[in-house]
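Under UniProt numbering, residues 1 to 113 are what the sequence shown spells out, in order. In this text, a Cβ means the ideal position worked out from N, Cα and C, and glycines have one as well. A short write-up of the structure that comes next.
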Amino acid sequence: KLGLELGTQHGCAPRIGLLKVDVEGAEAAVFRGLGTYWCSAEKLAVEVHSSQALQEVKGILHRLFTGTTHVTPQRDVKDHWMLLGNATKCSEEDPRDLRDSEGVPRPKRLRVD
Numbered sequence: 001k002l003g004l005e006l007g008t009q010h011g012c013a014p015r016i017g018l019l020k021v022d023v024e025g026a027e028a029a030v031f032r033g034l035g036t037y038w039c040s041a042e043k044l045a046v047e048v049h050s051s052q053a054l055q056e057v058k059g060i061l062h063r064l065f066t067g068t069t070h071v072t073p074q075r076d077v078k079d080h081w082m083l084l085g086n087a088t089k090c091s092e093e094d095p096r097d098l099r100d101s102e103g104v105p106r107p108k109r110l111r112v113d
């Protein structure tokens, strides 16, 4: 969360080109901690370490991630999966487009469901 806090000091959401997560079973906690920054994540690469964690992560993504996901079991490691995601725009004014035409940072805009 520290990185996200530092990225918003200038009033705009940080762009997250690739959110890569390999936290040995704490994947759901990481995703819950993103809060309103889901619109900043453009791509996901997540190693999931149990079937229970996979179901929890998929539930969180279904509610909060705007995009497509694909889950592949890891052949060499029992009860492990790779989850990949590609985001779509969150709204007409995508908060990932952080600068206006003159290069000035825009204020953070969040998706509201």
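Glu27: not part of any beta strand (DSSP E); member of the alpha helix (DSSP H) spanning 27-33, first to last residue. Taken through DSSP and simplified to helix, strand or coil, Leu84 comes out as strand. For Asn86, the closest of Arg32, Lys43, Val21 by C-alpha to C-alpha distance is Lys43. With a cutoff of 8 Å on beta-carbon distance, Phe31 and Val71 are scored as not near each other. Per the C-alpha coordinates, the member of Leu84, Gly67, His49, Leu19 positioned closest to Asp76 is His49. Bounds of any alpha helix (DSSP H) do not take in Gly17, whose DSSP letter is neither H nor E. For Glu56, the enclosing alpha helix (DSSP H) has its first and last residue at 51-64.
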